[in-house]
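Accompanying notes for the structure given below.
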Amino acid sequence: MKARTSANALLQLRGVSRRYGDRQALRPIDLDLAAGSCTALFGHNGSGKSTLLRIACGRDAPTTGTARFAGRKVSEDDPEVRARVAVVGDSVACYPDLTVREHLELVTVAHAVDDAQGWIDQVLADRRLAGHAHALPGSLSSGQLQSLLLAAALVRPRDLLVLDEPEQRLDPDARARLAALLVAEKADGVAVLLATHQAELALEVADRMVALEDGEVVEEGRPAEVLEKLGVRS
1 MKARTSANAL LQLRGVSRRY GDRQALRPID LDLAAGSCTA LFGHNGSGKS TLLRIACGRD
61 APTTGTARFA GRKVSEDDPE VRARVAVVGD SVACYPDLTV REHLELVTVA HAVDDAQGWI
121 DQVLADRRLA GHAHALPGSL SSGQLQSLLL AAALVRPRDL LVLDEPEQRL DPDARARLAA
181 LLVAEKADGV AVLLATHQAE LALEVADRMV ALEDGEVVEE GRPAEVLEKL GVRS
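In structure tokens form, the structure reads like this:
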């Protein structure tokens, strides 16, 4: 079963699959994502969600098929792709000797952000990190570290935002703010590709859901319809 396709997609995946040695992590799938829309990938650990995200942002090349962003081959080595695709991964990777603010300053320098300090101040406030701006990562809670990962993606330009279970380690208040953030990203014209275990988050922010199992699409459509077919209660 394939996800629905569209001629106006910012991100276009055609027949992409991924094999690691003898293991088929992802079977061929088509997926399109337009600007200002959100697709949620839903499934258990090992279902293929993270593999599909890595292909979508260019961190992994597909074994078969093609992945294109704005008409270009998706590759992390392409400066145009790096400049327009922001990623929030599923693991926390920080520089232990850099403060929260210094992490964000590093991102703004890499992407030549105008009024960088103003953007950093705003993102720190929005992510409830202003009081920890001069803290080192080792002193932060797991939820604060996750908020730092989100902040690093938000302080830079982006047309596509790729997130791998961004709700993990967040408390209920932070999860609610995450949902509001993703709705605002869509309103700004950003395309959002999201992997999540949380049905409530998908219902709040996603226009479409793709359910994966053992690397294969088992259901796709509007989130409420997919969750009903899967027997998942929100």
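Just so we're aligned: the sequence shown equals residues 1 to 234 in my numbering.
Glycine is no exception: its CB is placed at the ideal position from the N, C-alpha and C atoms.
In this text, all values refer to a predicted model and were calculated from it rather than measured experimentally.
- Task: Count the CB pairs spanning the segment 167 to 178 and the segment 145 to 156 that are closer than 8 angstroms, and state whether there are at least three.
- Result: Counting Cβ pairs under 8 angstroms, three or more are found: they touch.
- Report buried or exposed for Pro-157, applying the criterion of at least 16 other Cβ atoms within 10 angstroms of its Cβ. Translated into the one-based positions of the sequence shown, residue 157 becomes position 157. Exposed: under 16 other Cβ atoms inside 10 Å.
- Of all the options Gly-231, Gly-215, Arg-233, Ala-224, which has the alpha carbon lying nearest to the alpha carbon of Asp-30? By one-based count along the sequence shown, residue 30 stands at place 30. Asp-30 has its Cα closest to that of Gly-215, out of Gly-231, Gly-215, Arg-233, Ala-224.
- Item | As assigned by DSSP and simplified to three states, the class of Val-81 | For the purposes of this step, residue 81 is identified with residue 81 of the sequence shown, where counting begins at 1. In this structure, DSSP gives Val-81 a helical state, which the three-state scheme calls helix.
- Task: May I have the straight-line CA-CA distance separating Leu-154 from Val-123, to the nearest angstrom?
- Result: For the purposes of this step, residue 154 is identified with residue 154 of the sequence shown, where counting begins at 1. For the purposes of this step, residue 123 is identified with residue 123 of the sequence shown, where counting begins at 1. Cα to Cα, the separation comes out at about 7 angstroms.
- Message: Could you compute how far the alpha carbon of Ala-135 sits from the alpha carbon of His-103?
- Response: Indexing the sequence shown from 1 puts residue 135 at position 135. Indexing the sequence shown from 1 puts residue 103 at position 103. So the two alpha carbons sit approximately 11 angstroms from each other.
- Query: Going by DSSP, which residues form a beta bridge with Asp-121?
  - Reply: For the purposes of this step, residue 121 is taken as the residue at position 121 of the sequence shown. For Asp-121, DSSP records no beta bridge to any residue.
- Query: Taking all protein chains shown into account, do 16 or more other C-beta atoms lie within 10 angstroms of the C-beta of Gly-43, making it buried, or fewer, making it exposed?
  - Reply: The residue you call residue 43 lines up with position 43 of the sequence shown. Burial check for Gly-43: the Cβ neighbour count within 10 Å reaches 16 or more, so the residue is buried.
- With DSSP collapsed to three states, give me the class of Cys-57. Numbered from its first residue, the sequence shown carries residue 57 at position 57. Of the three classes helix, strand and coil, the one that applies to Cys-57 here is helix, per DSSP.
- Item | Proximity winner among Val-88, Ala-61, Leu-230, Gly-46, relative to Glu-76 (alpha-carbon distances) | The count along the sequence shown starts at 1 and reaches residue 76 at position 76. Among Val-88, Ala-61, Leu-230, Gly-46, the Cα nearest to that of Glu-76 belongs to Ala-61.
- Using alpha carbons as the reference points, say which of Gln-198, Ala-152, Val-100 lies closest to Gly-131. Counting from 1 along the sequence shown, the entry for residue 131 is found at position 131. Nearest option by C-alpha distance: Val-100.
- Query: Which one of Ala-151, Gly-138, Pro-96 has the shortest CA to CA distance from Ala-116?
  - Reply: Residue mapping note: residue 116 aligns to position 116 of the sequence shown, counting from 1. Residue Ala-151 holds the alpha-carbon nearest to the alpha-carbon of Ala-116 among Ala-151, Gly-138, Pro-96.
- Item | Which residues DSSP lists as bridging Gly-221, in chain order | Position 221 of the sequence shown, counted from the start, is the residue given in the question as residue 221. Paired residue(s): Met-209.
- Item | Which listed residue (Val-16, Arg-84, Glu-105, Ala-112) has its alpha carbon closest to that of Thr-66 | Mapped onto the sequence shown, residue 66 falls at position 66. Per the C-alpha coordinates, the member of Val-16, Arg-84, Glu-105, Ala-112 positioned closest to Thr-66 is Val-16.
- Query: Can you tell which of Cys-57, Cys-38, Thr-196 has the C-alpha that lies nearest to the C-alpha of Ala-86?
  - Reply: Locating residue 86 in the sequence shown gives position 86, where the first residue counts as 1. That would be Cys-57, whose Cα lies nearest to the Cα of Ala-86.
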